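Protein chains in written order, with numbering that gives the first Met the number 0: chain D, 0 to 347; chain U, 0 to 225; chain B, 0 to 300; chain H, 0 to 237.
Glycine included, C-beta positions come from ideal geometry on N, C-alpha and C.
Only a predicted model underlies this, so the values are computations on that prediction, with no experimental measurement involved.
To start, the structure under review is shown below, and the notes come after it.
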Amino acid sequence: MSEAVLIIGGGPAGLAAAASLADLGVEAVLVEKEPELGGTPKKYAYSKLVPDLRPAQETLAPLVQRVQGREGLRVLTDARPTAVSGKAGDFKVRLAGPAGEEELSAGAIIVATGFEHFDARRDTKYGYGIYPDVVDIRDMERMLSEPQLKRPSDGQVPQRVGFILCVGSRDRMVGNTYCSRVCCSVCCVQAIEVKEKNPSAEVYIFYMDIRTYGLLENLYWEAQEEHGVLFVKGRVGEILPRDGQLMVKGEDTLLRGPFEVPFDLMVLASGMEPGEGTVQVAELLNLAREPNGFLAPRDSHTAPLEAAVEGVFLAGADLAPKFSDDAVAEGAGAAVRAAAFLRSRAGR
Amino acid sequence: MPDDKDREKHEIFEELRADPRYHDFVRGCLNCGVCTGWCPSHRFFDYAPRIVIQNCLAGEDRVYGMMGEYIWACAQCFSCAMVCPFNNNPGGVVAILREIAVRRGMMSAKRVLKPYSRVLLKVMTFGNQVSPDMIQPDFFPDWGPKIPWAQEDLELKRQAIPVPTLRTVESAWKVAESTMNELYTINKEAGIFDLVEVNDPGLAEVIEDDVQDKVAAYLAEEAKKE
Amino acid sequence: MSAVAYYPGCALKSIDLAYDVSSVAVCRELGLSLEEIRGYNCCGIGELKSDGDVAYVLPTRILALAEGQNLGEVMAPCSVCYGELARAQSVLAQDAARRGRVNGMLQAAGERPYTREVKVRHLLEYLYREAGPEKVAAQVRQPLKGLRVAPYYGCLYTRPGWFTQAGRDPALDNPERPHFMADLLDAAGATVVDHPNQVSCCGGRNVVQDEEGTALLDYRILSGAKEEGAQVLALICPKCSGALDINQTKAIARHGEGARLPVVYLTQLLGLAFGLGRGQLRLGDMESGAAALLQASGFRS
Amino acid sequence: MAVKGEGIVERSLVEDDHILEQEKLIIEGVDVSGRWNTFLAPRVQEDYTPSLEAEVRALGVGENIRRCWQCGMCTASCTANSVYPDFNPRHFIYLVKLGDVQRLAKLADVVWRCVGCYKCSQRCPREVNPAEVMEAIGVIVHRRWGERVAREEQVGTGAYKKQIYGTGRLNLATLMAADLRGLGRQRELLSAEQMRIGMKMFRDSRLFHTLRLGRAPGWSRLRRVLEEHRRSREEVHP
Chain D
0 MSEAVLIIGG GPAGLAAAAS LADLGVEAVL VEKEPELGGT PKKYAYSKLV
50 PDLRPAQETL APLVQRVQGR EGLRVLTDAR PTAVSGKAGD FKVRLAGPAG
100 EEELSAGAII VATGFEHFDA RRDTKYGYGI YPDVVDIRDM ERMLSEPQLK
150 RPSDGQVPQR VGFILCVGSR DRMVGNTYCS RVCCSVCCVQ AIEVKEKNPS
200 AEVYIFYMDI RTYGLLENLY WEAQEEHGVL FVKGRVGEIL PRDGQLMVKG
250 EDTLLRGPFE VPFDLMVLAS GMEPGEGTVQ VAELLNLARE PNGFLAPRDS
300 HTAPLEAAVE GVFLAGADLA PKFSDDAVAE GAGAAVRAAA FLRSRAGR
Chain U
0 MPDDKDREKH EIFEELRADP RYHDFVRGCL NCGVCTGWCP SHRFFDYAPR
50 IVIQNCLAGE DRVYGMMGEY IWACAQCFSC AMVCPFNNNP GGVVAILREI
100 AVRRGMMSAK RVLKPYSRVL LKVMTFGNQV SPDMIQPDFF PDWGPKIPWA
150 QEDLELKRQA IPVPTLRTVE SAWKVAESTM NELYTINKEA GIFDLVEVND
200 PGLAEVIEDD VQDKVAAYLA EEAKKE
Chain B
0 MSAVAYYPGC ALKSIDLAYD VSSVAVCREL GLSLEEIRGY NCCGIGELKS
50 DGDVAYVLPT RILALAEGQN LGEVMAPCSV CYGELARAQS VLAQDAARRG
100 RVNGMLQAAG ERPYTREVKV RHLLEYLYRE AGPEKVAAQV RQPLKGLRVA
150 PYYGCLYTRP GWFTQAGRDP ALDNPERPHF MADLLDAAGA TVVDHPNQVS
200 CCGGRNVVQD EEGTALLDYR ILSGAKEEGA QVLALICPKC SGALDINQTK
250 AIARHGEGAR LPVVYLTQLL GLAFGLGRGQ LRLGDMESGA AALLQASGFR
300 S
Chain H
0 MAVKGEGIVE RSLVEDDHIL EQEKLIIEGV DVSGRWNTFL APRVQEDYTP
50 SLEAEVRALG VGENIRRCWQ CGMCTASCTA NSVYPDFNPR HFIYLVKLGD
100 VQRLAKLADV VWRCVGCYKC SQRCPREVNP AEVMEAIGVI VHRRWGERVA
150 REEQVGTGAY KKQIYGTGRL NLATLMAADL RGLGRQRELL SAEQMRIGMK
200 MFRDSRLFHT LRLGRAPGWS RLRRVLEEHR RSREEVHP
């Protein structure tokens, strides 16, 4: 019987869960496989985070700060679980870390293993990984973190930048039929950043639908009205190199006509997938996954943050594509559910 | 007359949807246009595989509207099928519709197939696709202005060719009788003769006569052997 | 009640004199006091919009003249004039820089600048809200009993809401389903005919340039009202009159007798109900046979 | 005589100006006219010209074009579209935003069909004010491809402006006369119908009122100021 909670994953959801457990006075261990805390936004050096559009560092730093030096909370980086046995109330977890292996007991586990970006090389028509000036949103985040936006091939400032939405999402041919939910908003933000860094740049977004849902609708209005970002309806079929530029081919479905327009830089809105860590942890803990591979909650309404396996709780983008602020909210929620679970067992 | 047209419209739509391939070819459509972005015909014609799928989803009037010229603008390269996020196959739909047009002997099919009637004649009667005497301006108007000249004194000109030409202008080479027999059987059993009958009755008759003659000659030869 | 500045515009002082005299007479009967703007110019009739600031000078000069006569409100019976005045009023209220440039041009020509806010009103809205159905009913001496009238509102009386405020200010008429004219006609004893194209455009703008398109639009409006049983169509705009009344013969020539329907101004019908005389109604000015119809129906002017 | 592109099976799917075909062509004595030399030019949009949108926004009318999200409410409400299907405000806005000069040029004679009814502006969910955006697009089209715009429209607009700026008043009778003269149709002024209306207006005194309209008081000074400003605008945006 253990009173501690193991949190797997040190991204926004895991960090929020850890800080919340510390606030509740519950003992916890946070395990992160990367050398640094902060999850995917940190790993890929995101530029700005939705919805506040503050630099990602400003958003992540307080999340990390909240878990440092907290009583009863251990934080392990460069570490991952390799085996789990036992059951709710008394899980035995083997961890592999920089200092070697160790075993610890946990009464409950919170899985916050996050997501991975779709690997755009899998959608070969866009030439990602072949043409250096075809980048994905992850690359673009890093490029926008620099003071000046330069295109990879020759370091020049791109004058015409295009975004292709729904790369690796909503596409049976690449195996992902769901919407990744964040890319429309992220691309609007990136498009605005391109314009802010170089107001004379022309920025086009090729879209099927714009899904900046809810209050984020504003992002798309702003991109269009304040910054003159242009939206072209239709999916790009193919990108080919021509005379040092990228020739972008497609059908404009509003005009019902073909286009073949040169661009300096093309950004692929590569969507979200359950990451390798999520897959591994699901196997270790015997967690159910929904048809797209994300972790499945026990019940979407009565137990949205609980796995079907007793004593295991879920939070963040390993459940479904989502923004970091939603992941943070879920982390705190999962912490409360885990604490309540331990208390109910102790009372028994 | 309008009744006939309505019936034809309805029948074509039903034939299309009854085709066992159809439901694999049309699953759903987001109007994303990626198929058309690849389509080589779209660069030249107001033709879009996206519209092919949309028309299928819209019903019989729109499908019927494609039977005249639209389905013949497709190059049958199937790029559309390769990239469609829904895994639709617009080119496959066009293939089914072309088959329907040919089966029903529609005007558009007859027009498109006209040059092929010469090819068909050769295949059925000599077992070759092309022969020196078949390139006639009426059937192959796009083959260049020198054709009428080339057709004059054709046999004489063939003799000038320094390699063996079988001294024939009707066929490129001789095909064995057993092969001809096989070809005939395949075409007959596969229903090709029926399709030719529908689209070009004159051609069907010429082929049939030729085959009859050849069969008769063959039987006579066999009888002589015995 | 204080007077309102009356801006008849150019059409009402020439070809559409009937609308001018009947409007003035009806207002007088209802105790509404009008003061005509002196020395006014054309509003620009929508043809100058693409000339930028210059186009605002014309309607703004009219607002400034009203201000000069110490009047805080301008009322226009012509929907085009109303639209132009309301547009200038609303744009200049929000764009101080433009207002400065427009006033600069006025002053450079020795004209009065537009310094305060003058409210712009359409005759119909003015009649409805200042007098209303009750006062109209009280003035009726010859009820329009049995006369089946189709009200036709047209475009600029309410559209677009961002400068007329219709649809935003609940006290104003509804831009999609207006009813002020119907209510006034009802008060005058007429049978109001509901019909499909009350706020559709008559094509008046292109009446000369595009005879064919205008004829089709006019046909739709006229025949739509006729099919609902209307004997007469009531208007509030001289541009609509140009298309639906004067040009009606062209709609008939192209689309047939379905387009034949007498057309009058609302104020002519109200004046008739009030028992006004021939000179204040000028029913004979209308081209599509309104005078004969009304006489045959037993209404006397 | 051969019909252009008659050898193309999918003829209705090709626009005339994409068919490259010489009706009469003889090379070294060989007749390669008509079908022998038929080729199709691609109809691909090869570039975007975003400066077109800037031109529209600079006109001081239609500034809100940027807000358009292409929902199509304007076209769904459009009066002119119900008569002329090619008059599609949503489509025009899109062409201008992308700077699709070729397509816009082809539609040069359609833009002016707007009747100015403002239904689009009333219903537009983003306050794009398409009615006035179309005014602005009309100006750009006149400027670039004036020769493609119907004479009726060119003469009509010219006559309006000349009269309004010239006298500060609108005289419908003389305006119509100027318009018909401009189109070389002055004989219509003497038609039986016009004569009848003229006589009627003479008898009922409207002709007298029309003649008396004249100029707005003090107009000559304002006219000079307005003309100066119009000239300076044209210098900025030739």
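Comparing the CB of residue i with every heavy atom of the ligand COA, is any distance shorter than 6 Å?
i, result
"Glu102 of chain D", "What this structure holds is no ligand at all, so the ligand COA is not there to describe."
Let me know if residue i comes out buried or exposed under the rule of 16 or more other beta-carbons within 10 Å of its beta-carbon.
i, result
"Pro1 of chain U", "exposed"
"Lys223 of chain U", "exposed"
"Phe201 of chain H", "exposed"
"Met285 of chain B", "buried"
"Pro97 of chain D", "exposed"
"Gly37 of chain D", "buried"
"Asp178 of chain H", "buried"
"Met0 of chain H", "Because Met0 of chain H carries a pLDDT of 49, less than 50, the predicted location of this residue cannot be relied on, and no value is offered for it."
"Asp152 of chain U", "exposed"
"Arg342 of chain D", "exposed"
"Ser78 of chain B", "buried"
"Asn102 of chain B", "buried"
"Gly174 of chain D", "exposed"
"Met194 of chain H", "exposed"
Since residue i sits in a beta bridge, which residues does DSSP pair it with?
i, result
"Gln244 of chain D", "D:Arg241"
"Gly249 of chain D", "D:Val235 and D:Phe258"
"His17 of chain H", "DSSP output for His17 of chain H lists no bridge partner at all."
"Phe298 of chain B", "Paired residue(s): none; Phe298 of chain B is not in a bridge."
"Glu233 of chain H", "Bridge partners of Glu233 of chain H: none, in fact."
"Val266 of chain D", "D:Val134 and D:Phe162"
"Phe38 of chain H", "H:Leu19"
"Asn175 of chain D", "D:Asp170"
"Ala4 of chain B", "B:Glu34 and B:Val73"
"Met271 of chain D", "D:His116"
"Gly302 of chain D", "At residue 302 of chain D the sequence reads Ala, which differs from the Gly that was named. Partner(s): D:Asp298."
Could you give the C-beta distance for residue i and residue j, rounded to a whole number, given that I count them as a contact under 8 Å?
i, j, result
"Gly71 of chain B", "Val117 of chain B", "6 Å"
"Leu15 of chain U", "Ile95 of chain U", "6 Å"
"Gln44 of chain H", "Phe258 of chain D", "4 Å"
"Tyr206 of chain D", "Phe230 of chain D", "6 Å"
"Cys186 of chain D", "Leu215 of chain D", "Not quite, the Cβ-Cβ distance comes to about 12 Å (not below 8 Å), so this is no contact."
"Gln189 of chain D", "Met265 of chain D", "The pair is not a contact, with the Cβ atoms about 12 Å apart (cut-off 8 Å)."
"Leu112 of chain U", "Asn198 of chain U", "6 Å"
"Cys34 of chain U", "Cys79 of chain U", "4 Å"
"Leu202 of chain U", "Leu119 of chain U", "7 Å"
Does the segment 96–113 of chain H come into contact with the segment 140–153 of chain H, if we say contact requires no fewer than three beta-carbon pairs (one atom in each stretch) closer than 8 Å? Output reads yes: the segment 140–153 of chain H touches the segment 96–113 of chain H.
Which parts of the segment 244–284 of chain B are runs of the alpha helix (DSSP H), unbroken and 4 residues or longer, counting only runs that do not cross its ends? For the segment 244–284 of chain B, whole alpha helix (DSSP H) runs of length 4 or above, ordered along the chain, are 247–254, 265–273 and 277–280.
Any contact of the segment 24–42 of chain H with the segment 76–84 of chain H, i.e. 3+ C-beta pairs under 8 Å? No contact exists between the segment 24–42 of chain H and the segment 76–84 of chain H.
Quick check: the segment 9–25 of chain U against the segment 86–95 of chain U, are there 3 or more CB pairs under 8 Å? By the Cβ rule, the segment 9–25 of chain U counts as touching the segment 86–95 of chain U, because three or more pairs are nearer than 8 Å.
Unbroken stretches of the alpha helix (DSSP H), 4 residues or longer, contained in the segment 103–173 of chain H: Listed in chain order, they are 118–122, 129–144 and 150–166.
Spell out a yes or no on whether the segment 50–57 of chain U and the segment 323–335 of chain D are touching, meaning 3 or more CB-CB pairs, one atom from each, closer than 8 Å. The segment 50–57 of chain U is not in contact with the segment 323–335 of chain D.
How about the segment 50–58 of chain D and the segment 66–78 of chain D: do they share at least three Cβ pairs that are nearer than 8 Å? They do not touch, by the three-pair rule.
Could you tell me whether the segment 12–29 of chain B touches the segment 272–285 of chain B, using the rule of 3 or more Cβ pairs below 8 Å? Of all C-beta pairs linking the segment 12–29 of chain B to the segment 272–285 of chain B, three or more are shorter than 8 Å, placing the two stretches in contact.
Three or more C-beta pairs closer than 8 Å, one from the segment 100–117 of chain D and one from the segment 328–336 of chain D: is that the case here? Yes: at least three Cβ pairs fall under 8 Å.
Check whether the segment 99–119 of chain B and the segment 64–80 of chain B are in contact - that is, three or more C-beta pairs closer than 8 Å. Taking 8 Å as the limit for Cβ pairs, the verdict is that the segment 64–80 of chain B does touch the segment 99–119 of chain B.
Check whether the segment 87–105 of chain H touches the segment 176–192 of chain B, taking contact to mean three or more Cβ pairs, one atom from each stretch, closer than 8 Å. Three or more Cβ pairs closer than 8 Å define a contact, and the segment 87–105 of chain H falls short of that threshold against the segment 176–192 of chain B.
Would you check if there are 3 or more beta carbon pairs closer than 8 Å linking the segment 304–313 of chain D to the segment 76–93 of chain D? Counting Cβ pairs under 8 Å, three or more are found: they touch.
Length at least 3, wholly inside the segment 130–207 of chain B: the beta strand (DSSP E) runs in chain order: The beta strand (DSSP E) runs lying completely inside the segment 130–207 of chain B and spanning 3 residues or more are 147–150, given in chain order.
Kindly confirm or deny that the segment 156–165 of chain B and the segment 205–217 of chain B touch, where touching means at least three C-beta pairs closer than 8 Å. No: the two stretches stay apart, fewer than three of their Cβ pairs being nearer than 8 Å.
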